[in-house]
Amino acid sequence: DLGPGLAHLGRDAGGHLAAVDPPAQGRPQGLFRDQGSSHRAAVGRMTATIERLRAGAETLGVALSERQAEQLTAYGALMLKWNKVYNLTALRDPDSVLTHHLLDSLAVIPPLQREWAGQGKLLDVGSGAGLPGVVIAILRPDLDVTCLDAVAKKMAFVQQVAGELVLPNLRGLHARVEKLEGRFDLI
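Taking our numbering, I'd label the letters of the sequence shown as residues -19 to 167.
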């Protein structure tokens, strides 16, 4: 007997303490999902999404680095997650978010690159869930992107995205454009 509070421990063949498999403790199987197959399925879905994203971006003339593809995919996943509670956008399925949000926003990158290849400050007015501002911030780290919207919850989401995706060049600002002060190179 290992004493109170240590009943979940057993001993391995060498006599060392080892955690006993939770199902072997008589706990219901439903409490412990098979992380292996679930994780493999999620990675498979993400890989397929990244491949579709890359193909669509290539069609638009945009080459994505691995990091950019991962950030865009993570942004889409965050949008779907937050959308369940905060109604960020009318689109609720991953395919629509990919085609109607991410790829549509990527379409602005080639003309933006042609017309403004250097550093600058960009204002995305009426950004909503951060479209296309977040996508621009991911693809153009040389631009300081401010997403502006009159709906506070949407700008809180953009701030969350900036933090989670480590985008120091992205900011969500809750305000009305009529009241905004400051100077921007691109609007």
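Glycine is no exception: its CB is placed at the ideal position from the N, C-alpha and C atoms. A quick note: this is a predicted structure, and the numbers were derived from the prediction, not measured.
Worksheet item: With which residues is T126 paired in a DSSP beta bridge?
Response: DSSP, once it has assigned bridges, lists L103 and R151 as partnering T126.
Worksheet item: Does the beta-carbon of D1 have 16 or more other beta-carbons within 10 angstroms, so that it is buried, or is it exposed?
Response: Per-residue confidence for D1 stands at a pLDDT of 35, beneath the threshold of 50, marking its modelled position as unreliable; the derived number appears in the next sentence. Burial call: exposed.
Worksheet item: If you run the structure through DSSP and keep just helix, strand and coil, what is L166?
Response: Under the three-state reduction of DSSP output, L166 falls in the strand class.
Discussion item. Measuring straight from C-alpha to C-alpha, what distance separates S85 and P112?
Written reply: Looking at the two C-alpha atoms, the distance is approximately 5 Å.
Item to complete: Can you tell me which of the three DSSP states D84 falls into?
Response: Taken through DSSP and simplified to helix, strand or coil, D84 comes out as helix.
Worksheet entry | Span separating the alpha-carbon of T53 from that of L44 | Rounded to the nearest angstrom, the two C-alpha atoms are 12 Å apart.
Worksheet item: Do three or more CB pairs link the stretch 28 to 41 to the stretch 72 to 79 at distances below 8 Å?
Response: Segments in contact, yes.
Discussion item. Going by DSSP, what residue range makes up the alpha helix (DSSP H) through G143?
Written reply: Note, G143: alpha helix (DSSP H), A132 to E144.
Discussion item. For R72, count the other beta carbons within 10 Å of its own beta carbon; 16 or more makes it buried, fewer makes it exposed. Which is it?
Written reply: Exposed, because fewer than 16 other Cβ atoms sit within 10 Å of the Cβ of R72.
Worksheet item: By how many angstroms is the C-alpha of P148 removed from the C-alpha of D129?
Response: Going by C-alpha positions, D129 is about 19 Å away from P148.
Discussion item. Only counting the same chain, and skipping five residues up and downstream in sequence, which positions put a Cβ closer than 6 Å to that of A37?
Written reply: Contacts found: L44 and L86.
Fill in: Buried versus exposed, by CB contacts within 10 Å (16 or more), I118
Here I118 is buried, its C-beta having at least 16 other C-beta atoms within 10 Å.
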